[in-house]
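Visitor:
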Amino acid sequence: MPPEDLTGAVVAGYQLLERVGEGGTATVYQARHAERGTCALKVLRAKLRSDRTAVQRFLREASYGARVIHPNVVQTYDFGEADGLHYLALEWADGEILAKFVRRSGPLALSLATVIVEQIAGALDAAHAAGIIHRDLKPENVIYDPRTQRARLLDFGIARDAELSPEERLTKTGFFVGTLQYVAPEALSGELVNEAADIYSLATIAYFLLTAQLAYVAKSPRELFHQLLTQPPVALNAARRDLDFPQAVEEAVMRGLHRDPKKRQRTVLEFARDLAAASTQPIVARRGLLGSLRGMLGGRQ
35 MPPEDLTGAV VAGYQLLERV GEGGTATVYQ ARHAERGTCA LKVLRAKLRS
85 DRTAVQRFLR EASYGARVIH PNVVQTYDFG EADGLHYLAL EWADGEILAK
135 FVRRSGPLAL SLATVIVEQI AGALDAAHAA GIIHRDLKPE NVIYDPRTQR
185 ARLLDFGIAR DAELSPEERL TKTGFFVGTL QYVAPEALSG ELVNEAADIY
235 SLATIAYFLL TAQLAYVAKS PRELFHQLLT QPPVALNAAR RDLDFPQAVE
285 EAVMRGLHRD PKKRQRTVLE FARDLAAAST QPIVARRGLL GSLRGMLGGR
335 Q
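Quick look at the structure:
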């Protein structure tokens, strides 16, 4: 069955111009509004409109986004139901998905990676101040504009309100939520997580920006699940043979990736500050035997 295409329709005053993406729960359109101009409109997929839990989660995402006001968070304009369609109207943000940018560009310069991490940390700090734990932080949920070097958080789809009672939560105990490659180990048991889980995910993003690699290498989700619970991540300086990072940079990133939440930085802003403070030295391309020895010794300079 072909996917639903509402291009040309008008939903709550938003003229749908073009379908630009589709996820597991919603289809995204570029839209135009008489007062707001170009917008992004997310519409809950047809097969989920009769699913009460899916509708609640969709509206919860919208309400969380509306609570977080920050220059590095895509602004939520409006949400609700119109003509049987559940929709979420967002600011149109120029750029491309951060994951796609890194895969196309390769490892980023240390200075640029630090800037992006600082921006994402600012967005997360605003969410935490609003009582919201993101829980699904990953490069696919960040849009990045290379022209302005501006990164913006896009998605609060499985975020959690830290103040919600157990009866109000929409996730069953015993089931973890998030993306396995970026989720904190403590989330794998399905227990409720706090800000420390977002610190871990931000550290994983920093690792990815610097190396274009992930901190764990596994052949299957089952193997990755086991590694997250039992093994330390690959050290930053062991991720690539062609890059040698200052020791302080490796220490900052690996602290954020510590399996014990209490041994990570205390806040996302502290993680970003640690990385920035460590980033005074450039990444050095390894050459020959000397570079190989440095890599074996953990990148000490």
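First residue of the sequence shown? That's 35 in the working numbering, and the numbers climb one at a time after it.
Each residue gets a CB set at the ideal place from its N, CA and C atoms; glycine is no exception.
Note that the structure is predicted; figures quoted are calculated from it, not measured.
(1) Within 10 angstroms of the Cβ of HIS120, are there 16 or more other Cβ atoms? Answer buried if so, exposed if not.
(2) Thinking just about the alpha-carbon of each residue, which of TYR234, THR87, ALA127, ALA269 is nearest to the one in LEU171?
(3) Here's a check: name, in chain order, each residue in its chain whose Cβ is nearer than 8 Å to the Cβ of LEU214, leaving out the five neighbours to either side.
(4) Taking the alpha-carbon positions, what's the LEU51 to GLY42 distance?
(5) Quick check for students: name the residue ranges of the beta strand (DSSP E) that lie wholly in the stretch 86-134, counting only runs of 3 or more.
(6) Determine the closest residue to THR268 out of GLN247, LYS253, ALA282, with distance taken between C-alpha atoms.
(7) Does any CB atom of chain B fall closer than 8 Å to the CB of ALA46?
(8) Since HIS260 is in the alpha helix (DSSP H), which residue starts that stretch and which ends it?
(9) Tell me the rounded alpha-carbon separation between SER139 and ARG275.
(10) For GLY290, report the span of its alpha helix (DSSP H) as first-last.
(11) Along the chain, where does the beta strand (DSSP E) containing ALA164 start, and where does it finish?
(12) Of all the options GLU152, ALA96, GLU229, which has the alpha carbon lying nearest to the alpha carbon of LEU188?
(13) What is the rounded straight-line gap between the Cα of VAL102 and the Cα of GLY57?
Guide: In this structure, then:
(1) Within the sequence shown, numbered from 1, the residue matching residue 120 stands at position 86. The residue is buried, with at least 16 neighbouring Cβ atoms inside 10 Å.
(2) Start at 1 with the first residue of the sequence shown, and residue 171 comes out as number 137. That would be TYR234, whose Cα lies nearest to the Cα of LEU171.
(3) On the sequence shown, residue 214 is found 180 positions in, with the first residue counted as 1. Excluding residues within five positions, the ones whose Cβ falls inside 8 Å are PRO255, LEU258, PHE259, LEU262.
(4) As a working mapping, residue 51 is identified with position 17 in the sequence shown. As a working mapping, residue 42 is identified with position 8 in the sequence shown. Each residue's alpha carbon lies about 6 Å from the other.
(5) 110-116, 119-125
(6) Here residue 268 corresponds to residue number 234 of the sequence shown, with the count starting at 1. Residue identity differs from the one stated: residue 268 is Val in this sequence, not Thr. Here the closest residue by C-alpha is GLN247.
(7) Going by chain labels, chain B is absent from the structure shown, which holds only one protein chain.
(8) Position 226 of the sequence shown, counting from 1, holds the residue named residue 260. Residues 255-264.
(9) For the purposes of this step, residue 139 is identified with residue 105 of the sequence shown, where counting begins at 1. For the purposes of this step, residue 275 is identified with residue 241 of the sequence shown, where counting begins at 1. Their Cα atoms are separated by approximately 18 Å.
(10) As a working note, residue 290 is residue 256 in the sequence shown. Element bounds for GLY290: 281-290.
(11) The residue given as residue 164 occupies position 130 in the sequence shown. Segment: none, ALA164 is in no beta strand (DSSP E) and carries neither H nor E.
(12) Taking the first residue of the sequence shown as 1, we reach residue 188 at position 154. Nearest Cα to LEU188 within the set GLU152, ALA96, GLU229: ALA96.
(13) In the sequence shown, the residue the question calls residue 102 occupies position 68. In the sequence shown, the residue the question calls residue 57 occupies position 23. Using only the alpha carbons, I get a separation of about 22 Å.
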